[in-house]
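This report concerns only the one structure given below.
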Amino acid sequence: MTADKGTSRYDPTFARELSKMENGEYVSQCMQCGLCVVTCPARHLMDLQPRKYFKAIQAGDKDKVLKANTPWLCTSCNLCTVRCPRGIPIIDFMHGMKKYLADTKGAKVTPGALFSKTFFDNMISRGRLWEAFLTGMFYLKAGPKAMRDAMKMTDVAIPMVMKRRLPPLPGKAVKGKKDLKKIYKKASALAKEGH
Amino acid sequence: MAYIYYPGCASEATGKSNHISFEAVAHALGLELAGEIPDWNCCGATLVANAIGDFAQMALACRNLALAEKKGHDIIVACSSCYLNLAWPNELMRINPEFGKKLNEALGAANLSYSGKLKIKHVVDVLANEIGVERIKERTIKPLNGLKVACYSGCQTVRALRRPDFDDVEYPQVMGRIVEAVGAEAVDFPLAARCCGGSQQFANPELIYDLTGKVLDSAAAAGADVIVTTCPMCAMNTDVFQEKIGKLNKKKYKMPVLFLTQLMGVAFDLKPKDLAFGYNIVSPYGKLKKYGVKK
Ligand code: SF4
Ligand code: SF4
Numbered sequence: 004m005t006a007d008k009g010t011s012r013y014d015p016t017f018a019r020e021l022s023k024m025e026n027g028e029y030v031s032q033c034m035q036c037g038l039c040v041v042t043c044p045a046r047h048l049m050d051l052q053p054r055k056y057f058k059a060i061q062a063g064d065k066d067k068v069l070k071a072n073t074p075w076l077c078t079s080c081n082l083c084t085v086r087c088p089r090g091i092p093i094i095d096f097m098h099g100m101k102k103y104l105a106d107t108k109g110a111k112v113t114p115g116a117l118f119s120k121t122f123f124d125n126m127i128s129r130g131r132l133w134e135a136f137l138t139g140m141f142y143l144k145a146g147p148k149a150m151r152d153a154m155k156m157t158d159v160a161i162p163m164v165m166k167r168r169l170p171p172l173p174g175k176a177v178k179g180k181k182d183l184k185k186i187y188k189k190a191s192a193l194a195k196e197g198h
Numbered sequence: 005m006a007y008i009y010y011p012g013c014a015s016e017a018t019g020k021s022n023h024i025s026f027e028a029v030a031h032a033l034g035l036e037l038a039g040e041i042p043d044w045n046c047c048g049a050t051l052v053a054n055a056i057g058d059f060a061q062m063a064l065a066c067r068n069l070a071l072a073e074k075k076g077h078d079i080i081v082a083c084s085s086c087y088l089n090l091a092w093p094n095e096l097m098r099i100n101p102e103f104g105k106k107l108n109e110a111l112g113a114a115n116l117s118y119s120g121k122l123k124i125k126h127v128v129d130v131l132a133n134e135i136g137v138e139r140i141k142e143r144t145i146k147p148l149n150g151l152k153v154a155c156y157s158g159c160q161t162v163r164a165l166r167r168p169d170f171d172d173v174e175y176p177q178v179m180g181r182i183v184e185a186v187g188a189e190a191v192d193f194p195l196a197a198r199c200c201g202g203s204q205q206f207a208n209p210e211l212i213y214d215l216t217g218k219v220l221d222s223a224a225a226a227g228a229d230v231i232v233t234t235c236p237m238c239a240m241n242t243d244v245f246q247e248k249i250g251k252l253n254k255k256k257y258k259m260p261v262l263f264l265t266q267l268m269g270v271a272f273d274l275k276p277k278d279l280a281f282g283y284n285i286v287s288p289y290g291k292l293k294k295y296g297v298k299k
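Just so you know, the sequences run in chain order A and B.
Counting in the numbering used here, the first sequence runs from 4 upward without gaps.
Counting in the numbering used here, the second sequence runs from 5 upward without gaps.
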């Protein structure tokens with residue numbers, strides 16, 4: 004490892020900052036055993052496998068952490084969480100990390116962040132998901148390159164529509180939509196307080 | 005006592021056949037249902053926490069628990085991801101009273117509250133451990149002799165609560181017991197609890213092609229005629245994406261993907277409309293013809 008032109012790339016406050024985000028307090032407990040790595044089904048596509056990701060956080064290697072695609076490839080499969088010998092709820096940490104990255108200026112906007120946000124917008128505005136709309140919105144927001152990706156999905160989309168698995172019209176919206184917004188607001192404030 | 009049912013959003017779209025066949029099988033087995041949770045909302049799947057954090061997602065999901073408690077019923081869930089999202093905060097309330105307090109503060113914003121006392125059960129758990137395989141065997145009219153089934157547990161069902169009295173987190177067996185009760189053979193399927201890639205179809209499609217491809221390969225190598233699952237996401241990836249992945253891998257899988265209750269419905273000789281095979285992408289008719297399933 005080489006330091007960037009004289010200045011250290013390690014930011015000692017970074018680990019502390021992350022430990023304050025939701026579910027961020029667990030990273031310091033990682034003992035680098037690597038069990039999560041041999042477990043993770045997405046490891047070969049990650050810039051940093053989970054163990055290295057945690058090490059980079061512990062070391063304060065902010066740049067590397069903010070650039071890594073690790074959390075966005077995490078599928079929430081929960082297998083590392085049931086196996087981690089330190090009992091670290093890695094899946095919960097990844098959720099917190101994704102929110103942190105999405106909220107952090109300068110961190111890359113990934114398709115995963117956009118999809119999660121679009122999903123949430125759909126859920127909170129209707130109370131229930133409307134999958135056809137979610138998919139359409141996602142590609143629309145993701146820009147021209149994504150539209151080309153969308154075209155590559157027509158071979159999958161057409162049978163789904165034909166088999167009525169992607170209804171073009173929405174189902175019933177939830178009557179208590181306003182309640183959901185209230186719960187969301189209060190819960191977000193409480194989550195902030197607690198950290 | 006009757007369970008109240010949480011269908012989840014997939015019941016309205018990609019997982020419709022899970023929903024339809026569950027209700028039919030529940031009825032056939034005399035499992036009493038107290039309807040759906042009135043005005044239920046989305047549980048957040050595996051995605052909402054990424055945008056708003058775990059606690060806020062759990063609070064939104066727990067509105068459903070508060071509504072169910074008003075009706076006075078324990079909850080039954082047919083979707084794996086919904087099960088995780090409802091059962092896990094319920095479990096947290098039991099082990100961490102502080103969490104329960106905070107959760108109720110959030111629910112209080114909508115004049116709701118939840119005591120933490122309900123039981124939240126996955127359909128597979130209720131079928132295998134409450135109704136029991138004996139009853140399922142008794143109800144079987146057309147045993148599925150000779151049908152080789154890869155029981156695809158996936159991630160969330162067994163790993164949500166890690167309850168050994170429900171199933172083993174590393175080597176799930178419960179679904180296999182049900183499949184054998186209806187006369188089929190549960191093949192040894194090494195990737196039974198391996199991830200299909202979940203909800204990454206659009207954000208990271210190459211991940212789905214890769215992981216789901218491995219699952220399909222494993223089921224094929226195990227000699228399975230069909231894959232059976234209870235997870236709408238697993239079903240979508242293995243069924244809807246099967247042909248596409250086959251093209252990429254230069255393979256013809258031809259592996260129908262059924263929801264567990266669809267398969268049970270065949271053995272119970274339920275009406276075709278209750279089996280809901282019209283929603284399946286990979287045609288199941290060839291493999292199921294000898295058990296009387298017609299288009
Ligand atoms: S399994 Fe747990 S302790 Fe081991 S490297 Fe992974 S996070 Fe760290
Ligand atoms: S939960 Fe995420 S990090 Fe853990 S094994 Fe699954 S995909 Fe990998």
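For glycine and all other residues, C-beta sits at the position ideal for the given N, C-alpha and C.
From a predicted model like this one, the values you see are computed outputs, not experimental measurements.
*Taking Cβ positions, are B:H77 and B:I135 nearer each other than 7 angstroms?*
no
*Just how far apart, CA to CA, sit B:V297 and B:P276?*
8 angstroms
*Per DSSP, which one or two residues make a beta bridge with B:F263?*
B:T233
*asked:* Mapping the DSSP letters down to three states, classify B:V219 as helix, strand or coil.
replied: helix
_Residues, ordered as in the chain, of the stretch 37-54 of chain B that lie near chain A by beta-carbon distance below 8 angstroms_ = D43, W44, N45, C46, G48, A49, T50, L51, V52, A53, N54
*Give, in chain order, every unbroken run of the alpha helix (DSSP H) that is at least 4 residues long and sits entirely within the stretch 97-149 of chain A.*
114-129, 134-144
*Would you check whether ligand 2 has a heavy atom nearer than 6 angstroms to the C-beta of A:C80?*
yes
*At least one CB of chain B closer than 7 angstroms to the CB of A:T78: is that the case?*
yes
*Would you call A:K195 buried or exposed, if buried means 16 or more other Cβ atoms sit within 10 Å of its Cβ?*
exposed
*Examine ligand 2 and report whether any of its heavy atoms sits within less than 6 angstroms of the Cβ of B:I3.*
The displayed coordinates of chain B run from 5 to 299. Any statement about residue 3 of chain B would go beyond what the structure contains.
*Tell me the DSSP bridge mates of B:C2?*
Because chain B here runs from 5 to 299, residue 2 of chain B falls outside it and cannot be looked at.
_A:I186 versus A:L76 - alpha carbon distance_ = 29 angstroms
_Tell me the DSSP secondary structure of B:A187 in three-state form._
Per the sequence shown, the amino acid found at residue 187 of chain B is Gly instead of Ala. B:G187 falls in the coil class under three-state DSSP.
*At a CB-CB cut-off below 8 angstroms, which residues of chain A make contact with B:Y283?*
K166, R167, R168
_For A:I161, count the other beta carbons within 10 Å of its own beta carbon; 16 or more makes it buried, fewer makes it exposed. Which is it?_
exposed
_Given 6 angstroms as the limit, tell me if A:A116 has its C-beta closer than that to any heavy atom belonging to ligand 2._
no
*So is B:R139 in contact with chain A if we call contact Cβ pairs under 7 angstroms?*
no
_Backbone secondary structure at B:A280 - three-state DSSP_ = coil
*Determine the burial state of A:T5: buried for a count of at least 16 other Cβ atoms within 10 Å of its Cβ, exposed for fewer.*
For A:T5, the predicted model reports a pLDDT of 48, less than 50, meaning its position is unreliable and no value from the coordinates is stated.
*asked:* Can you tell me whether A:M154 is buried or exposed? The criterion is at least 16 other CB atoms within 10 Å of its CB, across all chains shown.
replied: exposed
*List, in order along the chain, the chain B residues whose C-beta lies closer than 8 angstroms to that of A:M126?*
N45, C46, G48, V52, L64
*Do B:T161 and ligand 2 come close, with the Cβ less than 6 angstroms from some heavy atom?*
no
*Within 6 angstroms: the Cβ of A:C77 and any heavy atom of ligand 2?*
yes
_Sub-7 angstroms separation of B:G4 and B:A28 beta-carbons_ = Missing from the structure shown is residue 4 of chain B; chain B here goes from 5 to 299 and no further.
*Spell out the partners DSSP gives B:V81 in its beta bridges.*
B:Y10, B:H126
*Taking the continuous beta strand (DSSP E) assigned at B:A72, which residues delimit it?*
It is not in any beta strand (DSSP E) - B:A72 instead sits in the alpha helix (DSSP H) that spans 58-75.
*Would DSSP call A:E25 helix, strand or coil?*
coil
*asked:* Can you list, in chain order, the residues of its chain with a C-beta nearer than 7 angstroms to that of B:A32? Leave out the 5 residues immediately preceding and following it.
replied: R143, F272, L274
_Neighbour flag for B:K248 against chain A, beta carbons, 7 angstroms_ = yes
*Would you call B:L88 buried or exposed, if buried means 16 or more other Cβ atoms sit within 10 Å of its Cβ?*
buried
*asked:* Given this structure, state the Cα-to-Cα distance separating B:P147 from A:K108, to the nearest angstrom.
replied: 60 angstroms
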